[in-house]
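What follows is a set of notes on a single structure, which appears directly below.
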Amino acid sequence: MSNQEAIKKTQHKLRNARFVTVLTGAGISADSDIPTFRGAEGLWKQYRAEDLASPHAFARDPRLVWEWYSWRRALIAAKMPNCAHEALVSMSGQFSSFVLMTQNVDGLHGMAGSHDCLEIHGNIWKVRCTKCSTVTDNRDLPIVFPPQCAVCGGLLRPHVVWFGESLDSQILDRCMCALQSCDVLLVIGTSGVVQPAASFAMMVKLAGAYTVEINLDPTPSSGSMDTVIKGRAKDVVPLLCENFIQEG
Ligand code: BJW
Ligand code: ZN
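All letters in the sequence shown, in the order written, are residues 273 to 520 by my numbering.
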């Protein structure tokens with residue numbers, strides 16, 4: 273199927289869909305100039321994931337982990353949502369049910385206007401106390417180390433999900449409901465290697481829904497998708513949405 277045919281097919285599926293679910297990854301924010309994790313320019317080229325994004329790394333050297341998060345917070349603070357984030361906001365009102373879930377911690381979906389976005393890996397603009405688990409919004413730049421909990425004085429950590437940690441069970445339950453009931457799943461800008469999100473498309477397919485991948489490059493999941501659209505999120509997603517609104 274050519275790219276143009278894949279886009280047309282997806283537009284058609286969306287026009288006939290009632291329940292739509294969307295999973296996004298770092299690729300959608302790459303179009304807002306936020307680095308992805310994997311790939312030639314990815315963050316993991318410079319840093320080892322297990323040295324920074326794991327509970328073990330934080331226990332060993334919380335200052336180092338906070339330095340990395342402070343650097344990323346400063347980088348993200350200057351970035352804005354792009355037209356792919358915005359197109360998903362426009363799309364959200366067009367269906368009986370529209371559920372957006374993201375692996376991104378940058379908060380750009382919320383900034384674009386997607387207020388119910390399920391942030392399955394947390395949010396870089398929140399901190400959590402390692403002692404009393406209180407979660408608070410925090411946009412301080414830079415973070416003064418050691419950041420301390422206002423409630424109990426414990427050490428604060430980024431409110432994100434590291435390797436080996438469980439996802440928030442309430443958020444995961446909401447994801448499962450949306451995956452089991454959707455007619456169409458759009459998977460945008462994720463390499464599809466990190467669990468459990470990497471299994472979402474397969475779950476949806478087994479439940480009988482239509483799966484579409486939008487990505488610059490093929491991924492391990494591409495072969496099992498119903499349709500693959502090759503391209504940048506900022507070019508493809510608005511196209512799907514515009515056509516839907518015009519013809520819907
Ligand atoms: C574009 C583009 C453009 C670029 N337009 N596209 C089962 C089997 C094996 C292992 C496991 C398993 N279950 C759990 C695990 C362990 C682990 C895991 O999956 N490991 C694998 C790597 C092997 N998972 C976990 O530990 C998870 N917890 C869990 O499952 O708990 C239960 C459990 C624990 C332990 C054992 C068993 C069960 C938690 C995962 C947490 C991931 N955390 C991170 C860091 C978050 C905080 C932070 O940001 O600092 O989340 S890692 C990092 O990867 C980040 C991302 O959200 C995540 C996914 O990355 P994403 O979004 O896919 O980005 P990239 O860079 O990989 O890809 C970008 C894509 O965009 C590419 O495809 C490009 O082509 C594309 N692209 N420009 C469109 N313009
Ligand atoms: Zn506390």
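Built from N, CA and C at the ideal position, the CB exists for glycine as well.
Kindly indicate which three-state DSSP category residue i falls into: helix, strand or coil?
i: Ser369; result: strand
i: Arg504; result: coil
i: Phe417; result: coil
i: Glu339; result: helix
i: His387; result: coil
i: Asp323; result: helix
i: Thr406; result: coil
i: Thr296; result: strand
i: Phe291; result: strand
With residue i as the anchor, note down where its beta strand (DSSP E) starts and where it stops.
i: Glu268; result: This structure does not reach residue 268, given that the chain is present from 273 up to 520, and the question cannot be answered.
i: Trp397; result: 394-401
i: Leu457; result: 456-460
i: Leu428; result: 428-432
CA-CA distance, residue i and residue j?
i: Ile392; j: Ala331; result: 22 Å
i: Ile396; j: His284; result: 36 Å
i: His387; j: His381; result: 8 Å
i: Ala469; j: Gln375; result: 8 Å
i: Val416; j: Arg335; result: 10 Å
i: Lys351; j: Ala302; result: 10 Å
i: Pro490; j: Gly464; result: 10 Å
i: Asp412; j: Ser496; result: 43 Å
i: Ile501; j: Glu358; result: 19 Å
i: Lys403; j: Cys424; result: 8 Å
i: Gly311; j: Gly436; result: 22 Å
i: Gly314; j: Asp305; result: 12 Å
i: Ala325; j: Val337; result: 8 Å
i: Leu511; j: Val484; result: 14 Å
i: Arg446; j: Arg320; result: 31 Å
i: Ala278; j: Glu322; result: 37 Å
Give the range of the alpha helix (DSSP H) segment to which residue i is assigned.
i: Arg446; result: 441-453
i: His381; result: 380-384
i: Glu277; result: 275-287
i: Glu358; result: 355-364
Taking residue i and residue j to be in contact with their CB atoms under 8 Å, please state how far apart those CB atoms are, rounded to whole angstroms.
i: Phe472; j: Leu286; result: Contact flag wrong, Cβ pair sits at about 18 Å.
i: Cys389; j: Thr406; result: The Cβ separation is near 22 Å, so there is no contact.
Going along the chain, which residues put their C-beta within less than 6 Å of some heavy atom in the ligand ZN?
Answer in sequence order: Cys401, Lys403, Cys404, Thr406, Cys421, Val423, Cys424, Gly426.
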